[in-house]
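A.B. asks: This is the structure I have questions about; it appears just below.
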Amino acid sequence: MSALSKTQAGYIFKKGAGHIVKAEVPIPKPTGAQSLLRVKAAGMCHSDLHVIGETLEVPTDGYVLGHEIAGELVEIGDSVNPEVFKVGGRYAVHGLNSCGSCEMCRTGHDNDCTGNESKWYGLGISGGYQQYLLVPNSHHLLPIPDNVSYEVAAATSDAVLTPYHAIKNSGVTPSSKVLMFGLGGLGSNALQILKAFGAYVVAVDVKPASKAIADEFKADEFYTDISQSSWKPASFDYCFDFVSLQVTFDICQKYIKSHGTIFPVGLGSSKLTFDLGNLALREVKIVGNFWGTSQEQIEAMELVSSGRVKPQVHTTELENLPESLEKLEEGKINGRLVMLP
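Just so we're aligned: the sequence shown equals residues 1 to 341 in UniProt numbering.
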């Protein structure tokens, strides 16, 4: 480690800047329960655009963005067990920065940790848009299977984990009829997960080119406009909305069955409205969904390792990050864009 310089290039969030900012950031030395990860891949998420555009509120600024992280462990603190966390090992980061001791963590809901002040990797504390990442607590590191690449592991830590968390906890079965919106970075993985659960899936995406994704991952039906189909209102047991604009949320409310469940997973809008009378009379449920637990990240990685889910990944380099984020914002990226330092 003596060959490492003391600083590195990183891309940080600064309030009021309106764009991601390149800066010199330190390469810390890990102590205690900390570890140092050489970042090998960091996924790029629409959440980053919401943070930069300040449409998603975060508690602070001045930290490195990037919350989908995979890399090589290069150094550990003096209280980290070297038999468990091995220098040279391949790890993905569970991005929730969980404390491990609050009620949520102790009851298996570490994605809803209350001990971290709502500061997550790349969303409150420094994340993966740099070459080296200080991991505050080594229990955030999860081993990557040998047959999963760094870039796929990074994408799995959110773009697979988030839809997996929603679908696993939804109650979807092989007899379920599912309407889903969006076949982008999360939606393309959600379709594969839903088919792995055996559901009948009707996929909707306004882009005609998304039919290729729907066909590849075996959607039962694909439409750019569900109203042009033969489906009637109140037809679906579940609706997974990976767009979450008011227009898609309204369609979910129209097409969901009585006693059905709507999952607004995407972050297209910070606020959505619903017809309380309609939903109350039909006992429709709206369920929030946030990322996923560390155990679910292990399960999601196993799905990928088994070949049942194949994340669509495209790569870029650290120095091209600003331009790559622009392409993401312009809708020019299919699948998940992953930065390689």
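Note that CB positions come from ideal geometry on N, CA and C, so glycine has one too.
#1: For serine 2 and glycine 18, I'd like the C-alpha separation in whole angstroms.
#2: Would glycine 335 and proline 311 qualify as a contact pair, given that the criterion is a beta-carbon distance under 8 Å?
#3: Going along the chain, which residues of its own chain have a beta-carbon closer than 8 Å to the beta-carbon of alanine 23, five neighbours each way excluded?
#4: How would you call asparagine 320, buried or exposed, if buried means at least 16 neighbouring beta carbons within 10 angstroms?
#5: Under three-state DSSP, which class holds valine 206?
#6: May I ask you to report which of helix, strand or coil DSSP gives phenylalanine 85?
#7: Less than 8 Å between the CB atoms is what I'm expecting for alanine 41 and glutamate 117, so what's the real figure, rounded?
#8: Out of Phe217, Val74, Val284, Pro208, point me to the one whose CA is closest to glycine 187's CA.
#9: For aspartate 112 versus phenylalanine 290, is the C-beta spacing smaller than 8 Å?
#10: In angstroms with no decimal places, state the Cα-to-Cα distance between tyrosine 200 and serine 235.
#11: Measuring CA to CA, which of Ser230, Val206, Ala190 is closest to alanine 219?
#12: Throw me the rounded Cβ distance for the valine 172 and valine 202 pair, which I believe falls under 8 Å.
#13: Which term fits arginine 90, buried or exposed, when burial requires 16 or more other beta carbons within 10 angstroms of its beta carbon?
#14: Are phenylalanine 240 and alanine 166 close, meaning C-beta to C-beta below 8 Å?
#15: Can you find the residues in the same chain that come closer than 7 Å, C-beta to C-beta, to lysine 168, ignoring five residues on each side of it along the sequence?
#16: Assign histidine 259 to one of three DSSP states: helix, strand, or coil.
C.D. replies: Taking the definition as stated:
#1: Reliability fails at serine 2, whose pLDDT of 49 lies under 50, so the model's placement of it is uncertain and the value that follows must be treated cautiously. About 37 Å.
#2: yes
#3: Ala9, Gly10, Tyr11, Ile12
#4: exposed
#5: coil
#6: coil
#7: Between glutamate 117 and alanine 41 the Cβ distance is about 27 Å, and since that is not below 8 Å, they are no contact.
#8: Phe217
#9: yes
#10: 12 Å
#11: Ala190
#12: That belief does not hold up - the Cβ atoms of valine 172 and valine 202 are roughly 13 Å apart, past 8 Å.
#13: buried
#14: yes
#15: Glu296
#16: strand
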